[in-house]
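For any residue, its number in my numbering is found by taking its place in the sequence shown, counting from 1, and adding 27.
Beta carbons are placed, not taken as given, at the ideal position from N, Cα and C, and that holds for glycine.
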Amino acid sequence: MDLGPVGHLGDRLFSAFARGSGGLVVLIVAFVGIFLLALAIPSLADDKSSFLFSRIWEPGGDQPRFGIAAMFYTTVISSIIAMLIAVPIAIGVALFITYYSPKRLAQPVAYAVDLLAAVPSIIYGLWGIMFFAPILLPVINGLSDVLGWIPLFEKPPGDNVGVVFTASVVLAIMILPVVTAISREIFAQTPISHREGALALGATKWEMIRMSVLPYGRSGVVSASMLGLGRALGETVAVLIILSVPNGNDPWNSSIFAGGETFASKIANNAAEFDSPEKTGAYIAAGLVLFVVTFLVNSAARIIVDRSAPGGKRPRRNRRAGAAQGASS
């Protein structure tokens with residue numbers, strides 16, 4: 028239905044403001060990418076090793092050599108482990124608060140979960156390395172005893188305190204309130220006709236949730252998970268405090284029970300080396316990769332949400348019904 032052009036001054040002003048705000052966000056993202064790319068290109072041109080596949084990080088001197096392979100691996104594996112831990116727990120907590128918990132208990136639990144998002148990152152880091160890491164040592168020993176034949180779970184010599192696994196669990200706790208809060212709001216918005224219709228047909232509460240609530244909230248859960256993944260990819264202070272930095276002379280270890288550095292912790296831990304354009308450009312190049320990874324993750328999430336939302340998929344045509352209709356005509 029064509030309503031014609033907007034005629035009121037207030038409507039035109041609001042429309043222009045909304046369009047300008049959207050365009051401003053796009054310009055800011057584009058300018059950030061251009062800034063990172065402009066400062067990173069000179070250092071990338073002088074790099075004497077493979078930037079994407081090398082694990083050497085020596086950006087200074089006449090023959091700079093630096094690569095992001097080790098940082099990329101640590102960043103991705105810690106974020107994936109954090110998501111595998113946080114998302115199922117967040118969905119369970121959201122369903123408990125929305126459909127299982129008594130009303131007098133649901134509100135305090137929701138407030139307690141939301142308060143986790145207000146805890147500063149440095150508190151998570153100090154708590155994780157001083158209190159939580161020793162608690163995880165039996166878990167690390169048990170996993171390495173059972174799955175130690177897999178390189179990912181091999182236990183290297185050392186105290187095994189500031190390891191990738193510990194940082195991943197702390198990251199899971201940090202992103203838990205974000206995923207829980209958004210999932211809880213989406214689950215609560217499930218149309219009452221869907222829920223009562225399932226119950227009226229004889230479904231149990233879990234069957235009602237499985238058939239009505241979870242399909243309706245799928246896109247919201249994906250959005251919440253990707254938002255939490257973005258937090259995990261870019262977390263700096265907590266990971267910087269927890270992860271032990273491996274010695275440059277030691278061979279690289281792919282185990283989650285070893286130390287490492289993510290993009291964010293590497294840049295923050297070596298900020299004192301920003302004393303020349305060459306060194307600064309190397310770290311900015313690493314930040315550019317993190318920027319691109321985060322952008323791709325958010326873009327993929329947007330595509331998934333659009334396809335999962337109602338009306339995002341075109342209905343499949345029933346070939347038999349179409350053939351019968353054609354024959355009758």
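Exposed unless 16 or more other CB atoms sit within 10 angstroms - verdict on residue i
| i | result |
| --- | --- |
| Lys293 | buried |
| Arg343 | Its pLDDT being 48, under 50, Arg343 is placed unreliably by the model, and nothing is read from it. |
| Leu174 | exposed |
| Ile177 | exposed |
| Val190 | buried |
| Ala72 | exposed |
| Ser42 | exposed |
| Leu40 | exposed |
| Ile236 | buried |
| Val319 | exposed |
| Val240 | buried |
| Ser171 | buried |
| Ile167 | buried |
CB contact flag (residue i, residue j, <8 Å)
| i | j | result |
| --- | --- | --- |
| Leu260 | Thr102 | yes |
| Val136 | Ile156 | no |
| Leu254 | Phe290 | no |
| Phe284 | Lys182 | yes |
| Ala194 | Leu270 | yes |
| Val249 | Ala121 | no |
| Ser105 | Leu179 | no |
| Ala215 | Thr125 | yes |
| Tyr243 | Thr217 | yes |
| Gly247 | Ser210 | yes |
| Phe192 | Ile108 | yes |
| Phe78 | Ala299 | no |
Whole-number beta carbon distance between residue j and residue i, since they are thought to touch under 8 Å
| i | j | result |
| --- | --- | --- |
| Phe301 | Tyr310 | 7 Å |
| Met98 | Glu288 | 6 Å |
| Ala96 | Phe80 | 5 Å |
| Pro69 | Gly308 | 6 Å |
Cutoff 7 Å; reference residue i; Cβ partners in own chain excluding five residues on either side
| i | result |
| --- | --- |
| Asn297 | Tyr310 |
| Val206 | Ala113, Val114, Ala117, Ala251, Ser252, Gly255 |
| Pro204 | Val140, Asp141, Leu143, Ala144 |
8 Å CB neighbourhood of residue i in its chain, flanking five on each side removed
| i | result |
| --- | --- |
| Ser303 | Gly87 |
| Leu267 | Gly152, Ala291, Ser292, Ala295, Asn296 |
| Arg82 | Gly94, Ala96, Ala97, Trp279 |
| Leu64 | Leu315 |
| Ala351 | Because the pLDDT of Ala351 is 43, which lies under 50, any placement of that residue in the model is unreliable, and the number read from its coordinates should be weighed accordingly. Nothing meets the Cβ criterion. |
| Leu164 | Asn187, Val188 |
Beta-carbon contacts of residue i that lie in its chain and below 6 Å, excluding the five residues immediately before and after
| i | result |
| --- | --- |
| Tyr151 | Val197, Met201, Ala265 |
| Ile219 | none |
| Gly47 | none |
| Trp84 | Phe93 |
| Lys75 | Gln90, Arg92 |
| Pro273 | Gly286 |
Bridge partners - residue i, DSSP secondary structure assignment
| i | result |
| --- | --- |
| Arg92 | Glu85 |
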